[in-house]
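Residue numbers (our numbering), protein chains in the order written: chain A, 10 to 362; chain B, 580 to 894.
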Amino acid sequence: MTLVKIDKKNWAEGLTAAADAYRLYGPVKEKDYHQFKALEKGEMPDFDMVNTRLSPKALLFPQSEEMLEFSLDESRDDHHIMKAVATDDTPRAVVGIRPCDAKSTLLVKLNFDTPDVKDPYWLNAYHATTFIGMACDTPLSTCFCTTAGCGPYHEEGLDMLVMDQGDAYLAKLLTDKGKAFAAAAGWSETADDPAVFDAGRKAAEGRIVSTVKTDNLADTDLLELHGAPFWDDIAFSCINCGTCTFSCPTCWCFDIQDEVHGKSGVRMKNWDSCMFPIFTVHTTGHNPRDTKTQRVRQRFMHKLKYFVDKYEAGIMCVGCGRCVRQCPVNIDIRRLCEQMNSFKPADACAAQG
Amino acid sequence: MLGYTEKIKEIAGRLLKECTVDMVIGFRKGTMPMMNEPCFATTPEAVDTLWWDSNCGINLANYLTNRKEKVAVIAKGCDSRNIVTHIIENKIKRDQVYIVGVPCTGMIDKRKITGMVKGEIIAVSETEDTIKIKTADAETLFDKTEVLQQNCALCIHRNPVIFDEMVADAVQEQTDVDRYADIQKIETMGTEEKWQFFDDLLSPCIRCYACRNACPLCYCPTCFVDEAKPQWMGKGQDPLDVRTFHFLRAYHCAGRCTDCGACERACPVGINMRLLTRKLEMDCQEQFGWEAGLSLDQRPAMDVYQANDPEAFIK
Numbered sequence: 010m011t012l013v014k015i016d017k018k019n020w021a022e023g024l025t026a027a028a029d030a031y032r033l034y035g036p037v038k039e040k041d042y043h044q045f046k047a048l049e050k051g052e053m054p055d056f057d058m059v060n061t062r063l064s065p066k067a068l069l070f071p072q073s074e075e076m077l078e079f080s081l082d083e084s085r086d087d088h089h090i091m092k093a094v095a096t097d098d099t100p101r102a103v104v105g106i107r108p109c110d111a112k113s114t115l116l117v118k119l120n121f122d123t124p125d126v127k128d129p130y131w132l133n134a135y136h137a138t139t140f141i142g143m144a145c146d147t148p149l150s151t152c153f154c155t156t157a158g159c160g161p162y163h164e165e166g167l168d169m170l171v172m173d174q175g176d177a178y179l180a181k182l183l184t185d186k187g188k189a190f191a192a193a194a195g196w197s198e199t200a201d202d203p204a205v206f207d208a209g210r211k212a213a214e215g216r217i218v219s220t221v222k223t224d225n226l227a228d229t230d231l232l233e234l235h236g237a238p239f240w241d242d243i244a245f246s247c248i249n250c251g252t253c254t255f256s257c258p259t260c261w262c263f264d265i266q267d268e269v270h271g272k273s274g275v276r277m278k279n280w281d282s283c284m285f286p287i288f289t290v291h292t293t294g295h296n297p298r299d300t301k302t303q304r305v306r307q308r309f310m311h312k313l314k315y316f317v318d319k320y321e322a323g324i325m326c327v328g329c330g331r332c333v334r335q336c337p338v339n340i341d342i343r344r345l346c347e348q349m350n351s352f353k354p355a356d357a358c359a360a361q362g
Numbered sequence: 580m581l582g583y584t585e586k587i588k589e590i591a592g593r594l595l596k597e598c599t600v601d602m603v604i605g606f607r608k609g610t611m612p613m614m615n616e617p618c619f620a621t622t623p624e625a626v627d628t629l630w631w632d633s634n635c636g637i638n639l640a641n642y643l644t645n646r647k648e649k650v651a652v653i654a655k656g657c658d659s660r661n662i663v664t665h666i667i668e669n670k671i672k673r674d675q676v677y678i679v680g681v682p683c684t685g686m687i688d689k690r691k692i693t694g695m696v697k698g699e700i701i702a703v704s705e706t707e708d709t710i711k712i713k714t715a716d717a718e719t720l721f722d723k724t725e726v727l728q729q730n731c732a733l734c735i736h737r738n739p740v741i742f743d744e745m746v747a748d749a750v751q752e753q754t755d756v757d758r759y760a761d762i763q764k765i766e767t768m769g770t771e772e773k774w775q776f777f778d779d780l781l782s783p784c785i786r787c788y789a790c791r792n793a794c795p796l797c798y799c800p801t802c803f804v805d806e807a808k809p810q811w812m813g814k815g816q817d818p819l820d821v822r823t824f825h826f827l828r829a830y831h832c833a834g835r836c837t838d839c840g841a842c843e844r845a846c847p848v849g850i851n852m853r854l855l856t857r858k859l860e861m862d863c864q865e866q867f868g869w870e871a872g873l874s875l876d877q878r879p880a881m882d883v884y885q886a887n888d889p890e891a892f893i894k
């Protein structure tokens, strides 16, 4: 692991140099909110923000992504044959991703990169990307990363972690990809003070005021939790919009659609949401998750129980707090997690009795 | 509205105790500043969590749709008008719902307030006329009128139009409100400029449908955007599909929308889609002298033919 010091005067110059070898992405302000976007030539990522409105998951898993294309024109030899859409998998770098969002990439990877099935679109984008993290010194009151398997200086999923030291940045080069990016940017002034990172991490962790407890989730019986008495109360306010799932960095569900215009068509992958009633509608018209309570329970059981049991990699949440802040009716995953984690199956018996 | 919480608890407790209703629908205090959560109580003990302040902007008429119980609902002026609309449209029967009317002095705009202060908002408190915003570094005091949701600032029906019981005496209605100044400004734009304007307005949309789902009018068993047989529109992020959704949804609300503001409040990306619904509201007002949800005895403008209906638009 190498530490490099980047004088802020050399920051823009370095990114501009790196842009010759990488397509750069970063947070920029659009209207009222920050979003991750492809940076124009010379455009710098804007770190004067609390967090982006949507997570950067769309950089690897776009909300709407064309995968295959086809022609219905029977005069063509290749009519009705699906062909891969050209994608740009040349190197790119996301500059300024938060450690929570970087960690979420690894959780999403569990879905798109399995021993049996691999999603080439997600994986090609993933392998092409270098993740330059910005350590998070100003967490929000809704951030609970430190108890969600993550933290403001967490390194998992990152190739480089940058911390702000006033007039300079200090960067930890965590992987070969990170080293290559630093080389492309011309950031070569090594530093030798890992204690600064530790001090920054400790200070930032001390600013996290929100926590969740997850210690009992794995040991609680799945069916008992599924039958817990609180689901109707939790689900009542839900309006079944996709705000939580679309803003979540770890939600990975998608729908596949064919769209045809004239004689040419595409097969595309669109974000889907377990909050939408049509998410589970069968072609028969039957819907196994026909009620709001079933759908809300599905979302939280997936994040806080099924995922925990299946992958043994903690909860399917990195504590970014986006759903907490954006849910239009204030359904708060921290509250839910508390209820699920403190649930004792005996409670259910008492309630039934 | 400061004393409303206690009064709401008292009324709700009594209604449940006396079995007047099976369920009371109201708000409980949220976990975030400027957020409260719709909730229900089915026992007199459960009413203790009920809460009221200037952050109850979600329209509770939305929670009445297809309920089977006898329900009491806490209703602001706009909610009450949507309850009228629900009754007219046969979504609920008048005798199935017990309306606890709230004379409303407006809900505050969390997005606007967030933009008016620097740093994260940690706590918000209110008096009848003021809103105090606390951040890590400062406390800022606003007149409530400065920070109302726009629909509340423009509201001319603050008092419930229909109720079984009121939480407090009626508040004074606002007069001399120019409800459509921003709409009229858009109407003066040229075609190109209008196109640009709407393109820009809808560009942040992520099709989460929070606007539709927060709306009490949007109760179709299957929304046209979700229909698969036939599929009316694409499901991706093509701007054409995004516009189709917003424009068609607005038209479905013509003559029905009460401008409760739930759609705009719910939107996670800050789109003011009320510009679309209010244009149609203005047209209904101008063409048919119609305001939605004021009376149980009159059929809505888009629902009935009158011999004197304007027909200048038929060419």
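C-beta: ideal position from N, C-alpha, C; glycine also.
In this structure, the straight-line span from the alpha carbon of A/E198 to that of A/I106 is close to 23 Å. The Cβ neighbour count for B/N645, taken over all protein chains shown within 10 Å, is under 16; the residue is labelled exposed. Boundaries of the beta strand (DSSP E) around A/E74: 73–80. In the DSSP assignment, A/Q44 falls within the unbroken beta strand (DSSP E) covering 42–47. At least one CB of chain A lies nearer than 8 Å to the CB of B/N615. Going by beta carbons, A/G166 and A/F190 fall outside the 8 Å limit. Among the bridge pairs identified by DSSP, A/I265 is matched with A/K278.
Looking at the DSSP output, B/M602 shares a beta bridge with B/V650. A/G187 and A/Q72 have their alpha carbons spaced roughly 27 Å apart. In the structure shown, the three-state DSSP call for A/F255 is helix. A/G175 and A/A192 have their C-alpha atoms spaced approximately 23 Å apart. With fewer than 16 neighbouring CB atoms inside 10 Å of its own CB, B/A891 falls in the exposed class. Chain-ordered, the chain B residues with CB closer than 8 Å to the CB of A/I287 read T801, D805, A807. Counted as a single uninterrupted DSSP element, the alpha helix (DSSP H) harbouring A/A191 occupies residues 185–194.
In this structure B/L819 is exposed. Its beta-carbon is surrounded by fewer than 16 other beta-carbon atoms within 10 angstroms. Contact of A/I90 with chain B is not assigned, every C-beta pair being separated by 8 Å or more. A contact between stretches requires three or more CB pairs, one per stretch, nearer than 8 Å, and the region 817–832 of chain B fails this requirement with the region 82–97 of chain A.
DSSP, reduced to helix, strand and coil, places B/M852 outside both helices and strands of the structure shown, so it counts as coil. Taking C-beta separations shorter than 6 Å and ignoring five residues to either side along the sequence, the partners of B/S633 in its chain run M686, I687, E705, following chain order. Not one beta carbon of chain A lies nearer than 8 Å to the beta carbon of B/F776. For B/N792, the C-beta contacts it makes with chain A under 7 Å involve I248, N249, C250, in order along the chain. By the rule that beta-carbons nearer than 8 Å mark a contact, B/C618 touches chain A. Cβ-Cβ distances below 8 Å link A/L77 to M91, K92, A93, V94, V275, R276 in the same chain, with the five nearest sequence neighbours on each side left out; the list follows chain order. Those residues of the region 272–296 of chain A placed with their C-beta closer than 7 Å to a C-beta in chain B are M277, N279, I287, ordered along the chain. Beta-carbon to beta-carbon, A/S113 and A/V327 are separated by about 5 Å, close enough to satisfy the 8 Å threshold. Between B/I667 and B/L643, the C-beta spacing is not below 8 Å. Where B/N615 is concerned, the enclosing beta strand (DSSP E) starts and stops at 615–620.
Here A/W196 is buried. Its C-beta has 16 or more other C-beta atoms within 10 Å.
Cβ neighbours of A/F121 within its own chain (closer than 6 Å, five residues either side excluded): D128, W131.
Of the candidates B/T584, B/E865, B/T599, the residue whose Cα lies closest to the Cα of B/P889 is B/E865. Note on geometry: alpha-carbon atoms of B/S874 and B/T709 lie some 33 Å from one another. Contact holds between the region 326–341 of chain A and the region 844–854 of chain B, because three or more Cβ pairs, one in each stretch, are under 8 Å apart.
For the region 226–250 of chain A, residues whose beta-carbon sits nearer than 8 Å to a beta-carbon of chain B comprise D242, F245, S246, I248, N249, C250.
Under the Cβ criterion of 8 Å, B/G815 is counted among the residues facing chain A. Contact of A/R85 with chain B by beta-carbon distance below 8 Å is absent, the smallest such distance being about 24 Å. Within the region 657–682 of chain B, not a single complete alpha helix (DSSP H) segment reaches 4 residues in length.
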